[in-house]
Amino acid sequence: MHPDPHYRVGSSEKKACHRGTPKAGKRPAGYYGLPFRHDNDRRRPRTTAEIYELNRALAKKMEHVFVRRGIPVVPSIGPNSITAEFTSIWRAFVPFPSYQVFQRGGYFSVEVIPDAVAVISLNTMYFYDSNTAVGGCARTLPQDPGNLQLDWLEVQLQLFRERGIQVWLSGHVPPSSYNFYSECVSLLYMTTANCKRVRDADVRLPTGTSMVRQFFLLDAQQLGNSTIQRRDKLYEADLKGQDEDEALPPTVLKHPKKQLYKLLLQEFSDLPRAQNLNHDNYAVVNVAPSVIPTYLPSFRIFAYNATGEAYRPGLLGSGDGRRGTSSLLKALSGGLCDEEEYANSWRCHLGQPWHSSPESPSRTNRLWTPLGYAQYTLRKMNRADESRPPKFKLEYLTFPVHALHPPAPETDEAEGEAGTGYATNSTGSTSIDAAKARKFWYPIPKRHLPRTLRNSTIVKSRKFAPYGLEDLTIPSWTGLAQRLGRSKSKRLRQKFREFMYMGAGGA
Numbered sequence: 001m002h003p004d005p006h007y008r009v010g011s012s013e014k015k016a017c018h019r020g021t022p023k024a025g026k027r028p029a030g031y032y033g034l035p036f037r038h039d040n041d042r043r044r045p046r047t048t049a050e051i052y053e054l055n056r057a058l059a060k061k062m063e064h065v066f067v068r069r070g071i072p073v074v075p076s077i078g079p080n081s082i083t084a085e086f087t088s089i090w091r092a093f094v095p096f097p098s099y100q101v102f103q104r105g106g107y108f109s110v111e112v113i114p115d116a117v118a119v120i121s122l123n124t125m126y127f128y129d130s131n132t133a134v135g136g137c138a139r140t141l142p143q144d145p146g147n148l149q150l151d152w153l154e155v156q157l158q159l160f161r162e163r164g165i166q167v168w169l170s171g172h173v174p175p176s177s178y179n180f181y182s183e184c185v186s187l188l189y190m191t192t193a194n195c196k197r198v199r200d201a202d203v204r205l206p207t208g209t210s211m212v213r214q215f216f217l218l219d220a221q222q223l224g225n226s227t228i229q230r231r232d233k234l235y236e237a238d239l240k241g242q243d244e245d246e247a248l249p250p251t252v253l254k255h256p257k258k259q260l261y262k263l264l265l266q267e268f269s270d271l272p273r274a275q276n277l278n279h280d281n282y283a284v285v286n287v288a289p290s291v292i293p294t295y296l297p298s299f300r301i302f303a304y305n306a307t308g309e310a311y312r313p314g315l316l317g318s319g320d321g322r323r324g325t326s327s328l329l330k331a332l333s334g335g336l337c338d339e340e341e342y343a344n345s346w347r348c349h350l351g352q353p354w355h356s357s358p359e360s361p362s363r364t365n366r367l368w369t370p371l372g373y374a375q376y377t378l379r380k381m382n383r384a385d386e387s388r389p390p391k392f393k394l395e396y397l398t399f400p401v402h403a404l405h406p407p408a409p410e411t412d413e414a415e416g417e418a419g420t421g422y423a424t425n426s427t428g429s430t431s432i433d434a435a436k437a438r439k440f441w442y443p444i445p446k447r448h449l450p451r452t453l454r455n456s457t458i459v460k461s462r463k464f465a466p467y468g469l470e471d472l473t474i475p476s477w478t479g480l481a482q483r484l485g486r487s488k489s490k491r492l493r494q495k496f497r498e499f500m501y502m503g504a505g506g507a
């Protein structure tokens, strides 16, 4: 968020919503406006002092609303952030042991649940290919800021793995070969596939900055020659205006919005069948909704399994986990490493061991596994004013409808599978009594549900709950991707597209 202190209600959009009045028939700037500072007003250019002042004001508000109530806030450096000054601006958010690292590079880690869950805030500006001030994680530049950050990340992941701590990676720019320098996205994957060194410790990647909300998969197969070939084909397709059936694109986020939906479906349709899919090769990236209303301001609230069995890598015996080596990633590149242009790239020179386990919280629902989220949007902003503020309302949720309510006491249903985080409608001979029903943990408070979902007899909702995911593990996400990849899933695809663009026309 970049607040605009010069915004004026009723002003002209052509004047950056700072002054003037619109012509007849043109809508004036509304009461709530846009929560970011307009940069296209030459009469009021942004200054460094203003950037500092506005960020201090926002940091104070976040501290007042969340930190003082014991809720950690984990911000990420973006293109308008100035890292040296942010050490003091974000003092309430950055732990003291991370001050020196943050002051040097703008990244840090924090244990949001001590000894259980950590979040690593990456400075993705060092990986972003629009940033020409960095070296793009080139192997020949060991002191490149991107390489230094990934060296630090590898150490952090290993330390957290040794302590049995689950890790979320967060950043401003989503990782893909179209946002990151190719070496950065390859090395980030291999570091978190050397988080397959730590994959059995559980690593997840929520990101922001995109105006479009979606998820995509990082696949080891795409680090090879196919990624570069697909990129070239995609750019050629853009120039020639090819149809969706003629292009073979990977996951991208810079691509025009009309194509992004098609690109994701193409990628999902290329996934192997369930029985042939190796979850060791995949990581899930969630691109969070934006508060900046290119479409509609939105946010998500996640629910987690707080009652399941804890997991520590290796404690389930010799059968827990599989070992591999990063040199396998080199093999995926085919003959690419024989070419002079790529012979000295990271993907052709890494051979560290890695571990993965189907028992990790990213693969199996257990303690601190995310169960799902609800997404809320702010609608009808054009009708809002000082006396009628807009209200956030549920747009959709990932949970199955049956998980929103306790099983009915009078039915012959089990209490729910132990450790799933909430009771489920599973079969069994033990009847649940009213006292246990009252203790049911609601993943979404009933008061925040639309009226149609407050009725416990409802079993399906295509409008609010079309995904029906039991949890947010990698198998659940790949399963959803496979469903979206089927051309017969027209209704599901329609809802996916709707959620991506919030129903915006022309998307």
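Residues 1 to 507 in the UniProt record's numbering are what the sequence shown lists, from first letter to last. Think of the CB as a built atom: it goes at the ideal place given N, C-alpha and C, for glycine as much as any other residue.
In terms of alpha-carbon separation, which member of the options lies closest to residue i?
{"i": "Asn147", "options": "His405, Phe160, Ala303, Tyr126", "result": "Tyr126"}
{"i": "Phe496", "options": "Ser76, Ala310, Gln214, Asp280", "result": "Gln214"}
{"i": "Val287", "options": "Leu378, His279, Ser298", "result": "Ser298"}
{"i": "Val284", "options": "Pro400, Ser476, Tyr178, Val112", "result": "Ser476"}
{"i": "His42", "options": "His6, Gln100, Thr398", "result": "First, the residue type needs correcting, since residue 42 is Arg and not His in the sequence shown. Closest by alpha carbon: His6."}
{"i": "Ala465", "options": "Gln482, Phe499, Ser487", "result": "Phe499"}
{"i": "His402", "options": "Thr364, Trp441, Ser387, Glu162", "result": "Trp441"}
{"i": "Arg300", "options": "Thr364, Leu378, Arg44, Ala116", "result": "Leu378"}
{"i": "Tyr376", "options": "Ser345, Asp144, Thr398, Lys488", "result": "Thr398"}
{"i": "Pro361", "options": "Val101, Val117, Thr83", "result": "Val117"}
{"i": "Ser121", "options": "Cys337, Glu309, Ser387, Val74", "result": "Val74"}
{"i": "Ser81", "options": "Arg68, Arg56, Phe66", "result": "Arg56"}
{"i": "Trp168", "options": "Leu157, Tyr178, Ser176", "result": "Leu157"}
{"i": "Gln275", "options": "Lys488, Ser487, Gln482", "result": "Gln482"}
{"i": "Ala310", "options": "Trp368, His349, Gln259, Ser290", "result": "Trp368"}
{"i": "Pro114", "options": "Leu153, Thr124, Ile71", "result": "Ile71"}
{"i": "Pro174", "options": "Phe160, Thr191, Leu217", "result": "Leu217"}
Under three-state DSSP, which class holds residue i?
{"i": "Phe127", "result": "coil"}
{"i": "Arg491", "result": "helix"}
{"i": "Ala133", "result": "coil"}
{"i": "Phe440", "result": "coil"}
{"i": "Pro475", "result": "helix"}
{"i": "Glu111", "result": "strand"}
{"i": "Asp41", "result": "coil"}
{"i": "Val287", "result": "strand"}
{"i": "Glu61", "result": "Note that residue 61 is Lys in the sequence shown, not Glu. Reduced to three states, the DSSP call for Lys61 is helix."}
{"i": "Lys393", "result": "strand"}
{"i": "Trp90", "result": "coil"}
{"i": "Ala84", "result": "helix"}
{"i": "Ser461", "result": "coil"}
{"i": "Gly171", "result": "strand"}
{"i": "Gly146", "result": "helix"}
{"i": "Thr191", "result": "helix"}
{"i": "Gly372", "result": "strand"}
{"i": "Val74", "result": "coil"}
{"i": "Phe215", "result": "strand"}
{"i": "residue 511", "result": "Residue 511 is absent from the model: the chain starts at 1 and stops at 507."}
{"i": "Ala247", "result": "Unreliable positioning characterises Ala247 in this predicted model, as indicated by a pLDDT of 36, which lies under 50. The coordinate reading is nonetheless provided below. The answer is coil: DSSP assigns Ala247 none of H, G, I, E or B."}
{"i": "Tyr261", "result": "helix"}
{"i": "Ser186", "result": "helix"}
{"i": "Leu122", "result": "coil"}
{"i": "Ile51", "result": "helix"}
{"i": "Tyr282", "result": "strand"}
{"i": "Thr399", "result": "Note that residue 399 corresponds to Phe in the displayed sequence, not to Thr. In the structure shown, Phe399 sits in coil (DSSP, three-state: anything other than H, G, I, E or B)."}
{"i": "Arg300", "result": "strand"}
{"i": "Leu378", "result": "strand"}
{"i": "Phe66", "result": "coil"}
Please look up how many angstroms separate the CB atoms of residue i and residue j, rounded, as I've assumed it's under 8 Å.
{"i": "Ser170", "j": "Val119", "result": "6 Å"}
{"i": "His18", "j": "Arg27", "result": "Not a contact, Cβ separation roughly 16 Å."}
{"i": "Tyr128", "j": "Asp385", "result": "With a Cβ gap of about 39 Å, Tyr128 and Asp385 do not count as contacting."}
{"i": "Gly10", "j": "Thr21", "result": "7 Å"}
{"i": "Pro443", "j": "Ala303", "result": "4 Å"}
{"i": "Gly136", "j": "Glu183", "result": "6 Å"}
{"i": "Ala84", "j": "Gln103", "result": "7 Å"}
{"i": "Gln149", "j": "Gly105", "result": "6 Å"}
{"i": "Asn40", "j": "Ala16", "result": "6 Å"}
{"i": "Gly308", "j": "Arg366", "result": "4 Å"}
Determine whether the Cβ of residue i lies closer than 8 Å to any Cβ atom of chain D.
{"i": "Arg163", "result": "In summary, chain D is missing from the structure at hand, where a single protein chain is found."}
Meets three-Cβ-pair contact criterion under 8 Å: the segment 85-99 and the segment 181-188: In short, these stretches do not touch, since the Cβ pair count stays below three.
Would you check if the segment 262-278 and the segment 456-472 touch, i.e. whether three or more CB-CB distances between them fall below 8 Å? By the Cβ criterion, the segment 456-472 is not in contact with the segment 262-278, since fewer than three pairs of Cβ atoms, one from each stretch, lie closer than 8 Å.
Does the structure place the segment 70-89 close enough to the segment 136-151 that three or more beta carbon pairs sit under 8 Å? Verdict: no, contact absent.
For the 8 Å Cβ check, are there 3 or more pairs between the segment 445-463 and the segment 384-395? Taking 8 Å as the limit for Cβ pairs, the verdict is that the segment 384-395 does touch the segment 445-463.
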